[in-house]
Amino acid sequence: MRIDTASDTPIFHQIASAIREAVAAGVYRPGDTIPSIRATALQLLVNPNTVARAYDVLEREGLISAERGVGMVVSHRTEDAARARTVQDIQTGFGSAIQAGRRAGLDRKRIDILYRQSWSATPKPPLSQEEKP
Amino acid sequence: MTSLAAPTPATAASPPAGTDAAIQTIGLVKRFGARTAVDGLDLTIARGSTYGLIGLNGAGKSTAIRMMMGLLAPTSGRILIDSLAMSAERTTLMGRIGYVPDRPTAYPWMRVSEVIAFSSALRPTWDDARAASMLSGYQLDPRQRIRKLSKGQGAKLSLLLALAHDPSILILDEPTDGLDPIARDDFLEHVLSSVCDKPRTVLMSSHNLGDLQRIADTIGILDAGKLVVQKPTDELLATTKRFVAVLADPGKSPAAPPGTICTRKQGREWTVTVLGSPESALAALRAEPGITQVELVDITLEDIFKDIIRGRQAQQEILP
Amino acid sequence: MMTLLIKDWRLQSPATLCLGLIYVLLPFIVFTSHAAEEGMQRALTSDTLIGVFFISAGAGMGISLLIVPAFGGISFARERRDRSAEFLASLAVSRARVVGSKVIVAAVLFVLPWLLSGVLLLIAWAIQGFGTEWMQSGPRYDDIEPFKWLLLIQMMLFGIAWLFSSIVRSETIATAGAIFTVVLLCLGYALYRNRLERVVGSFSAAEMADFVATIGTLILGIGGFISGTIIALKRISP
């Protein structure tokens, strides 16, 4: 997990997205404990209140739930939910890219080519599940 | 570069939610001869918040912090900590505050263990077990003389001495100044760890705005002894936006949208930073006939700080 | 309080060690120079040894005139220079305790040269044997008068150095400033008194001047100490 302070996106948002992605990618499976607020705050060097806020968002989404004496646990059957959120994030990202292209006067064909180029240029993450059915 | 409107004045900045202030300064002024270092500072730091104080060198950060620590007498104005006046209750308040100065101030001729014993004897709430665990956690050699400590070790010793009495307020004056990146991360990790242990109010001044963007939940910007911005970090980042517009005529500068703090022109590219309501600024830019295209670009705390300061400097050049 | 006292004692330790070393070495130096002149055989008599300890006690007092102002000069200025004054102020200790500890240590340090000289004199008397004529007759005023002046000048040096130390950042400036001030005052007074005796030729005027000088020195010494203490108590910025 890493935080990008050069980005406009609030840090709690970035943390929430990162955990969603990690759940979607299977880094954390249902029943797994995600790192504590303290561990995440110290690893990312961010304010623990910010981490708490991110976990709060995820808890309200139903992705994680607090379990006494254990910490934050990934809920069962949330992989799909997490993936749905990730899909949403991807759509938002594509949306802004397409908008930038339109503003620059590029047509759809050119943007398609750019997308394919980016696809082949981006290395696969080691825990990628995209080839699974 | 020209600036057209001053950023929101400090008095208009919304006080943090729940007016329970841990630290409050009211009309704080400090003059050194003819020079005014702190000029009517009204600062409010909410209990439990992590406040990042930023400003150029000489903007008055250290002077303000030293007055809050009761190390310097204000020329005028008041300082309230936990609603108690610093001028009257200094000794009581010192028991509740941990202070990390920009470089170690403990006796250079003492050994680490000696200064710990010294502080322990003079601090009623000192926790020996806590100090011992911090000593090993911070990897400090108790037999080392303080004058021989490296910068990183010195900063960690200052932090230990500031935290072992379990204060509710932690004040750090450019604590990571001059530390290498590893020592800085190490130091910040220990600061955050202490905040995780127990809710504390933290006031930290720094030139490393990337660190403050991650750690501080509220940001105060000082310029020439005055507080020019005081806002929650997320709000500051959400309401300060930078637009890059393409001009139809590079010779003509269009009217700046409301809330502009800084503009810059490079050929046909016109960069505008606005503080306040980015939506109305965007609408104003779109409505501007001289602008063919507007794009929103990401902006960091460092960019915001620089634009605010540059905008103010440019403004001062215009006004006599 | 003990912690503060130990700290203030250790703060002064370079000057204290210096003084201690001088008192340990002085008898040897005096004896060696005497032996070099007279030869070892003649130097090793009890009379010479008594003389050596007497001279050492006196010389120690003389040298202490340079170290006593250093005790005063170090007291506040060194903490300000090291910025440890800031550290001390950030602890929950009242200013009165901080200054009080320094006053106690200063008082002990002030009598230190007298104690050490006293020890040397005791050694001299022990060699001579107690109950001799000098001991029985008791000291006369003429014997004591130089000591009176020594004490007064020491007090003046210490008081002024203490006052300077509560104002400036540098112990060297505080110490040197006090010595310089006192040397100027003494020189001025010596010239003035000389003129009174020679030009005016009035012995009673000179006696009067001595009395005024005694009082003036006392006021300067005690006044410097008191005002330095008040400044140190009142000042907020360490």
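Residue numbers (my numbering), protein chains in the order written: chain Y, 1209 to 1341; chain P, 25 to 344; chain W, 442 to 679. Positions of the beta carbon are idealized from the N, C-alpha and C atoms, including for glycine.
- If you ignore the 5 residues before and after R208 (chain P), its C-beta comes within less than 6 Å of the C-beta of T200, all in its own chain and listed in chain order.
- DSSP lists P:T297 as the beta-bridge partner residues of C286 (chain P).
- Rounded to whole angstroms, the gap between the alpha carbons of A1329 (chain Y) and F211 (chain P) is 38 Å.
- Here F666 (chain W) has G600, W603 as same chain residues with Cβ atoms under 6 Å from its own Cβ, once five neighbours each way along the sequence are excluded.
- Think of a sphere of 7 Å around the beta carbon of S143 (chain P): the chain W residues whose beta carbon falls inside it are L532, in chain order.
- When P:D273, P:D66, P:S73, P:A70 are compared, the shortest CA-CA separation from K85 (chain P) is found for P:D66.
- In the DSSP assignment, E138 (chain P) falls outside any beta strand (DSSP E) and lies within the alpha helix (DSSP H) extending over 136-146.
- Here DSSP, grouped into helix, strand and coil, assigns Q1251 (chain Y) to helix.
- If you draw a straight line from the Cα of A537 (chain W) to the Cα of A673 (chain W), it comes to about 9 Å.
- With respect to chain P, the C-beta atom of P1256 (chain Y) has a partner C-beta closer than 8 Å.
- The Cβ atoms of P166 (chain P) and V136 (chain P) lie closer than 8 Å to each other.
- In the pairwise beta carbon analysis, the region 229-241 of chain P is classified as touching the region 1237-1256 of chain Y: at least three pairs are separated by under 8 Å.
- Contacts between L96 (chain P) and chain Y, judged by CB atoms closer than 9 Å, are missing: the closest CB pair is about 29 Å apart.
- Runs of beta strand (DSSP E) with 3 or more residues, each lying fully within the region 209-262 of chain P, are found at 225-229, 242-247, 250-256, listed in chain order.
- Proximity of chain P to E527 (chain W) at the Cβ level (cut-off 8 Å) is accounted for by L95, P125, T129, in chain order.
- Uninterrupted alpha helix (DSSP H) stretches at least 4 residues long and entirely within the region 498-547 of chain W occur at 525-531, given in chain order.
- Under a criterion of Cβ atoms nearer than 8 Å, the residues of chain W adjacent to R147 (chain P) are, in order, L532, A533.
- At a C-beta separation below 9 Å, I206 (chain P) has no neighbours in chain Y, since its nearest C-beta there lies roughly 12 Å away.
- A direct Cα-to-Cα measurement between S182 (chain P) and P554 (chain W) gives close to 38 Å.
- Against chain P, the beta carbon of T444 (chain W) has neighbours under 7 Å at F142, A145, L146, listed in chain order.
- Taking C-alpha positions only, I323 (chain P) is separated from S229 (chain P) by approximately 21 Å.
- Apart from sequence neighbours up to five positions away, the residues of its chain that approach D63 (chain P) with a beta-carbon distance below 8 Å are V53, G84, A248, G249, K250, ordered along the chain.
- Residue state for I195 (chain P) is assigned as strand, using DSSP reduced to three classes.
- Taken in chain order, the whole beta strand (DSSP E) runs of length 3 or more contained in the region 1270-1341 of chain Y are 1272-1275, 1279-1282.
- Residue P:Y75 holds the alpha-carbon nearest to the alpha-carbon of P256 (chain P) among P:P205, P:A61, P:Y75, P:A156.
- Ranking Y:V1278, Y:G1239, Y:V1259, Y:A1305 by CA distance to the CA of Q1222 (chain Y) puts Y:V1259 first.
- Under the DSSP assignment, E319 (chain P) falls in the beta strand (DSSP E) whose first and last residues are 315-321.
- Checking the DSSP bridge columns, you'll see I69 (chain P) partnered with P:I47.
- DSSP lists P:L194 as the beta-bridge partner residues of G122 (chain P).
- Residues of chain Y whose Cβ lies closer than 9 Å to the Cβ of G234 (chain P) are, in chain order, T1213, A1214.
- Between the region 490-507 of chain W and the region 300-311 of chain P, the count of Cβ pairs shorter than 8 Å is below three; the stretches do not touch.
- Considering only W:V623, W:A646, W:V624, the residue with the shortest C-alpha distance to R634 (chain W) is W:A646.
- Under the three-state reduction of DSSP output, I78 (chain P) falls in the strand class.
- Counting along the chain, T264 (chain P) sits inside the beta strand (DSSP E) bounded by residues 264-271.
- Taking the Cβ atoms as the reference, G122 (chain P) lies roughly 16 Å from L77 (chain P), outside the contact range of under 8 Å.
- Proximity of chain P to K448 (chain W) at the Cβ level (cut-off 8 Å) is accounted for by Y131, F142, in chain order.
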